[in-house]
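Peer 1: Chains as they are written, first to last, in this note's numbering: chain A, 432 to 594; chain B, 22 to 126; chain C, 109 to 800. Don't be surprised by glycine CBs; every beta carbon is placed ideally from N, CA and C. Here the structure is a predicted model, which means the values were calculated and not measured. Please read through the structure below; I'll follow up with questions.
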Amino acid sequence: MDAIIFWPFALLALLGAVLLIFHKNPIHSALALIMTLFSTAALFVMLHAGFVAVLQILVYAGAIMVLFIFVIMMLNLQREELGLRRHAAKKIVATVLALGIGLKFALVLTAQLLPRAELAASFGSVENVGMMVFNDYMLPFQAIGVLLLSAVIGAVVVAKTRF
Amino acid sequence: MSWLTTITLNHFLVLAVLLFTLGMIGVMLRKNGLIVFMCIELMLNAVNLAFITFAAMHGNEVGHTMVFFVMTVAAAEAAVGLAVFVALFRNKVTVYVDEAADLKL
Amino acid sequence: MTHHESEHEAVAAAPIGPGRIALWVIAAGLAALFITLRLNLSAGIDVTRWLVLIPLMPAVACLINGVFVNKLPKPLVTALAVGSVGVSFFISVILFIHLKITGEPIQQVMYSWMAAGDFSVNVSFTLDGLSGLMALVVTGVGWLIHIYSIGYMAHDESYSRYFTYLNLFTFSMLVLVLGDSLPLMFVGWEGVGLCSYLLIGFWFTDNEKATAGKKAFIVNRIGDMGFVIAMLLLFWIVGALDYTTLAAQAKTVSPMWATVICLLLFFGATGKSAQIPLYVWLPDAMAGPTPVSALIHAATMVTAGVYMIARLSFLFVLAPSAMMTVAIVGALTALFAATIGLFQYDIKKVLAYSTVSQLGFMFLGVGVGAFAAGIFHLMTHAFFKACLFLGSGSVIHGMHGEQDIRKMGGLDKLMPITSKTFFVACLAIAGIPPLAAFFSKDEILYKTFAVHYGAPSWLGAALWLTGALAAACTSFYMFRLYYLTFSGESRAPEEIKKKGIHESPYTMTIPLIVLAFLAIVGGWVGMPHIFHALPNYFEHNLEETLSVANNAVGVVHGSAMLEWGLMLISTAIALGGWIVARALYKDARSDVPARMKEKFAGIHKVIFNKYYVDEGYFYAFIRPTLNLGLFLWGFVDTYLVDGVLVKVSAWLVRSAGMGLRLVQTGNVQTYLLAFLVGAAALLAYLWQGTSL
């Protein structure tokens, strides 16, 4: 049962990631990322994280990616030339290193079977997460609010042409 | 081939690592700043997946809370970052990171 | 002549000169001192505690004058400088009398200077027969020379600096003679060396004089090296450096080490006391003010080496071969310097070579085991040589700086007091009985012939012959100097005559008179026994200090006939030198000197140029050193240090910087790659133990 749900979404997520990094057209890359985010949200649900999955779709795929696409279209970006024609050595080294690190991570993380905890029915519900955020993580929550405010102001200041 | 049929938490973690690695390669290889930016989002997303997995492993919702915060930070970052690229484009008519090398000696 | 008189009037009309004030202050100080002493004696207060005041008085005066240099009024400077030495002199007299009455050496421990493990040195002073005598000579002659300096330096703009140095010298010299351990003696030894350097180069704007100061300093350092090494060896072997312990444990030093140590000490003495091979600095040292030449380079400092050997006589008698070396070097120096003195024309240079020669006599004395005779000659020499130097200073003062005796002559009428005192001192140094050097020099020559400790008797006779020859030369060149300077018609250049050649002020003539008097009677305290006139106070005074050495040398049982005979020969030699010099140089009438000079032009040239020793040293030591320096600078410094070390390291840093600046591409992704490499390395390190 799990396998039937997991494999399609996992493969879709990987496909989206690959398309993201190898597609010349930025719009297509953005759409590929949205596909990955949707697939990941589905996997969140498998892990009893319904609230976060909803947030992922609403905030990430909905708000943030729309912002990306909006900017891409506004700047009317051209297709990017890919390949190893420039900085070949650097690109190869970077790829090998990244793959090496990934392989090492994968090997370490699969060295033993991770146990799955007995999860209550309400695990990951809005109420539980909300209680935790507003009780135990009240201060970080407020700090993040201030961060968002300053980000909004900063974005306005940076992008503005004249005062 | 039990690993194909029986899905364990390790599967999720390996998926997270793969997504993270792909994001890392994208950050290193692409010169379009917006794509680089999206690759960073991908890496954040991979980390989020790992958080959720560990939350399920420990039966503890702190991981969920952390994802909540990561998303908020990502939103703030996207706002500022996109503003930076808009400003860069306005000045240099490009969003390619290798052309914005004014700090070079 | 009108010029001459008017200047005298000007001196007399001056309201109150610094000299007069100084004399009043001294008189008042002395009166106060005597009153205090009387009160203290009657109240039973311990005068031995005043010992430290002897060196302390000049030190305090030096500090005050040195700190407020050129700020204090001249009379105050004079009173401090001259008065302090006067007080020191009178304390020395009191303590010496105290010593003679009680017979107990006075010792005063001030404080512990340094202590490391079981080695400790106290700053402590001791006054026994030897150091008491030296203190008397240093403060007594020193005081006279201080008084003389008031007149001599009256018009010098660095008046207070001069007295600061002179007081510092007196302090150092007193530390040297009164200190009761070798380190303390070394402090004084170096202190007088420093003052000698400062005072030779007193007029340092004159390059030649500054160079003479440097020469004295450097040559002295070469000798001091020997002193220091000897001191370290003594510490290594004996483990202590104060005289009492050294004397008690001298026997534990093996003969070989004793010889090494004594030779090293003597090497130190050759530097300070201007013996072969290190005498070359003393003639050049005449560049300093003449009272300095009298005090430092004739009466006191240069005799430090003789004092040191007498002080360590218990050690030297353990090394007969070292003593033989001392005697041979002393005799050779005496003759060598005397022959150079025969042909010099600079009045001070003649006296300088005479000093070297007389110091040679002293070393001959201590070298043959006649320690008391050596010290005796040291004392009488201090009197007549100071008198001669001060007399020459008076002449130079009167001649407005002229030092060439070919331009003098006829001064006996113009400078009667100087002339008469100079003549007395000449008689004294020549050894005419019954003046001072007759007794002291004769004692040395007699002991050389009769005792010659550590040397075979043929060597004793040879040394005696060398000494007698030197004595003949001494008599000749001293009277040559006297007649050329004072007799006959004046040969002074017109411009000097115009300025007026005059007798010196009384602050200068009074010390001359006192010293001339001492040059006459100074020898009477050490009359040989065969005279049966006066007991030999001098030898008796040193008996206790020199007891170890005297026991080792043994009592001399020379026949009275031998002593009388040698004495007659000495007198004949002195008289002969005088008669020949009188015949050749009196009134500058004889043309024999000029003819002799032509006939023996070659020899004359060699001796006149001081045997080319300075030139020899230049080619043997100085030029190789300079060349070594040039090599070190031109090759080692330029190519090795600058070239390899400096330039290569700079080039390395520079090229590393040039390479590293390429890393700063400004490309974000290059930075990210570096970040990735770092992260990979960090992970590899953290997970190096985990599976794969």
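#1: Quick one: does W759(C) have its CB under 9 Å from some CB of chain A?
#2: Roughly how many angstroms lie between the CA atoms of A538(C) and T556(C), to the nearest whole one?
#3: Check whether the Cβ of L790(C) sits closer than 8 Å to any heavy atom of the ligand ATP, and report yes or no.
#4: In chain order, what residues of the stretch 494 to 509 of chain A put their CB closer than 8 Å to some CB of chain C?
#5: Give the DSSP-derived three-state secondary structure of G287(C) in the structure shown.
#6: By DSSP, does D433(A) sit in helix, in strand, or in coil?
#7: Grab the span of the alpha helix (DSSP H) containing M339(C) for me, first residue to last.
#8: Give a yes or no on whether 9 Å exceeds the smallest Cβ distance from V105(B) to chain C.
#9: Can you find a C-beta in chain A that's less than 9 Å from the C-beta of T27(B)?
#10: Check the C-beta distance from M470(C) over to C534(C) and give it rounded, since I have them as a contact under 8 Å.
#11: In this structure, does DSSP put S228(C) in helix, strand or coil?
#12: State the Cα-Cα distance for the pair A74(C) and A569(C), rounded to the nearest angstrom.
#13: With a threshold of 7 Å on Cβ separation, who are the neighbours of F492(C) within its own chain once the five nearest residues in sequence on each side are excluded?
#14: Which residue marks the beginning of the alpha helix (DSSP H) containing P428(C), and which one marks its end?
#15: Would you kindly check if the distance between the Cβ of P399(C) and the Cβ of K457(C) is under 9 Å?
#16: Distance check for L161(C) and N230(C), CA to CA, integer angstroms please.
#17: Compute the distance between the beta-carbons of L623(C) and A494(C), then report whether it is under 9 Å.
#18: Nearest chain C C-beta to I584(A) closer than 9 Å, yes or no?
#19: By Cβ distance below 6 Å, which residues in the same chain neighbour I436(C) in space, the five residues on each side in sequence not counted?
#20: On the three-pair Cβ rule with 8 Å, is the stretch 481 to 499 of chain A touching the stretch 518 to 525 of chain A?
#21: Out of G331(C), F343(C), A320(C), point me to the one whose CA is closest to P397(C)'s CA.
#22: By the three-class DSSP mapping on this structure, what secondary structure does L235(C) have?
#23: Which complete alpha helix (DSSP H) runs does the stretch 522 to 561 of chain C hold, if anything under 4 residues is left out?
#24: What are the start and end residues of the alpha helix (DSSP H) that includes N66(B)?
#25: Please confirm if M59(B) has its CB atom under 9 Å from at least one CB of chain C.
#26: Would you say Q772(C) lies against chain A (beta-carbon separation less than 9 Å)?
#27: Going by C-alpha distance, which of F499(A), L506(A), L474(A) is nearest V35(B)?
#28: Name, in chain order, the residues that DSSP records as bridge partners for D350(C).
#29: Output needed for V410(C): all residues of its chain with C-beta closer than 8 Å, excluding positions within five of it in sequence on either side, in chain order.
#30: According to the neighbour-count rule (16 or more other Cβ atoms, all chains shown, within 10 Å of its Cβ), is G724(C) buried or exposed?
#31: Could you tell me which of L25(B), L30(B), A121(B) sits nearest to P439(A), measuring between CA atoms?
#32: Ignore the nearest five residues each way along the sequence and tell me which others in Y645(C)'s own chain have a CB closer than 6 Å to its CB.
#33: With a CB to CB cut of under 8 Å and the five nearest residues on each side skipped, what residues in its chain are close to V116(B)?
#34: With distances taken between CB atoms, is the gap from T156(C) to I214(C) smaller than 9 Å?
#35: Between the stretch 525 to 557 of chain A and chain C, which residues of the former have a C-beta closer than 8 Å to a C-beta of the latter?
#36: My guess is that F374(C) and V434(C) are in contact by the Cβ rule of under 8 Å, so how many angstroms apart are they, rounded?
Peer 2: On the basis of the supplied data:
#1: Chain A, which has no Cβ nearer than 9 Å to the Cβ of W759(C), makes this no.
#2: 18 Å
#3: The model on display carries no ligand, and the ligand ATP is accordingly not part of it.
#4: none
#5: strand
#6: helix
#7: 315 to 346
#8: no
#9: yes
#10: M470(C) to C534(C), Cβ: 19 Å. No contact.
#11: strand
#12: Past the boundaries of the shown model lies residue 74(C); chain C is included only from 109 to 800, so the question cannot be answered.
#13: A533, A536, I537, A544, A545, A627
#14: 428 to 449
#15: no
#16: Taking the straight line joining both Cα atoms gives about 17 Å.
#17: yes
#18: no
#19: Exclusion of the five residues before and after I436(C) leaves no residue of its chain whose Cβ lies closer than 6 Å to its Cβ.
#20: Short answer: they don't touch.
#21: A320(C)
#22: In the three-state reduction of the DSSP assignment, L235(C) falls in the strand class.
#23: 524 to 538, 544 to 558
#24: 54 to 79
#25: no
#26: no
#27: The residue with the shortest Cα to Cα distance from V35(B) is L474(A).
#28: S289(C)
#29: K380, S381, A382, L390, I404, T463, L467
#30: exposed
#31: L25(B)
#32: V633
#33: Around V116(B): N53, G54, L55, F106, L109, F110.
#34: Against a cut-off of 9 Å, the Cβ pair of I214(C) and T156(C) comes out as a contact.
#35: A525, L528, A529, G531, I532, K535, L538, V539, A542
#36: 5 Å
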